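*Asks:* Mind having a look at this structure? Questions to follow.
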Amino acid sequence: MGIYSYFRLEILDNQARKILEGDGKQHIIQTLFDDTEIDQYDFAENALTLDGETNDEAKWYDCQQDLEIFSTKHAHLTFIVGQRLCCPESEDEEGEFFMAITNGATRHIHEPAFMKAATLFNSREELQDAFMTMGHGDTVDLVFRGNDKQLELIYTKLHSTSFKEQTAKTFTLMSGGGGSSITVRIQPEQVEAFWNAAAQVLVIQ
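In structure tokens form, the structure reads like this:
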């Protein structure tokens, strides 16, 4: 049977001192998938999406070795891999383990802050405080700004409520820097019902 794990991957551009995102990140991961010297049997492609997220449980046993080889072809990049066993057999095997691989060298690290999973809210009050409320005549905009992982989580959860038709994901430019937001435009009389529905899916029970 073998041991299955969940993998995820982030890529740092050491020259530009930034985390690769979007097309730049997808291009590098596609290059990894296409490199038959490294991934002849599609282990990486089975493990990861083009965005570096977990694709499915996978047997990518040579993950470290493959990325060490691949990293020598992209010496200006650091590949950070998270690996979590699907079925740990002891406490020592529980949790997610991280490696940072640069130009063929590997070091074990703690989870980087930018890779921490998005979390839900602890209370309805915390949820409501996270949204800005703006009136627009006959409608009300409830706006949440955050990082992409938070936005994806919240957007997905909101779409499971009866308010999905009124929920629109929009991308805006925040003052002082770039950022993304989710805007829910509803009627004033719907606000209380929205908070009730949102709390059901966004507050940790």
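By the count of this note's numbering, the sequence shown reaches residue 213 at its end, each step adding exactly one.
Every residue, glycine too, gets a C-beta built ideally from N, C-alpha and C.
All values derive from a computational prediction rather than experimental measurement.
1. If we count Cβ pairs, one from each stretch, closer than 8 Å, do we get three or more for the region 126–140 versus the region 98–117?
2. Which residue or residues does DSSP assign as beta-bridge partners of Y14?
3. Give me, in chain order, the residues of the same chain whose beta-carbon lies closer than 6 Å to that of D74; leave out the 5 immediate sequence neighbours on both sides.
4. For E29, tell me which candidate among Q158, S131, E18 has the shortest Cα-Cα distance.
5. In terms of residue numbering, what span does the beta strand (DSSP E) encompassing S188 cover?
6. Let me check one thing: in DSSP terms, what residues is G154 bridge-paired to?
7. Out of C94, I77, S13, A108, which one is the CA nearest neighbour of L20?
8. Sorted by chain position, which residues of the same chain lie with C-beta nearer than 7 Å to F87's C-beta, five sequence neighbours on each side aside?
9. Kindly indicate the opening and closing residues of the alpha helix (DSSP H) around K33.
10. Please state if the CB of D137 and the CB of S188 are separated by a distance shorter than 8 Å.
11. Could you spell out the range, first to last residue, of the alpha helix (DSSP H) harbouring R132?
*Replies:* To lay it out plainly:
1. Short answer: they don't touch.
2. The residue you call residue 14 lines up with position 6 of the sequence shown. Its beta-bridge partners are R92.
3. Along the sequence shown, read from residue 1 onward, the residue named residue 74 stands at position 66. For D74, where only same-chain residues beyond five positions count, the Cβ hits under 6 Å are I46.
4. For this step, residue 29 is matched to residue 21 along the sequence shown. For the residues Q158, S131, E18, the minimum Cα distance to E29 belongs to E18.
5. In the sequence shown, counting from the first residue as 1, residue 188 sits at position 180. Its beta strand (DSSP E) spans residues 188–194.
6. Looking up residue 154 in the sequence shown gives position 146. Partner(s): S188.
7. Position 12 of the sequence shown holds residue 20. Closest by alpha carbon: A108.
8. Residue mapping note: residue 87 aligns to position 79 of the sequence shown, counting from 1. Hits under 7 Å: L17, I19, L75, S79, I109.
9. Position 25 of the sequence shown, counted from the start, is the residue given in the question as residue 33. First-last of the alpha helix (DSSP H) with K33: 30–42.
10. Residue 188 sits at position 180 when you count from the first residue of the sequence shown. Residue 137 sits at position 129 when you count from the first residue of the sequence shown. Not in contact: S188 and D137 (Cβ atoms no closer than 8 Å).
11. Locating residue 132 in the sequence shown gives position 124, counting from the first residue. For R132, the enclosing alpha helix (DSSP H) begins and ends at 132–138.
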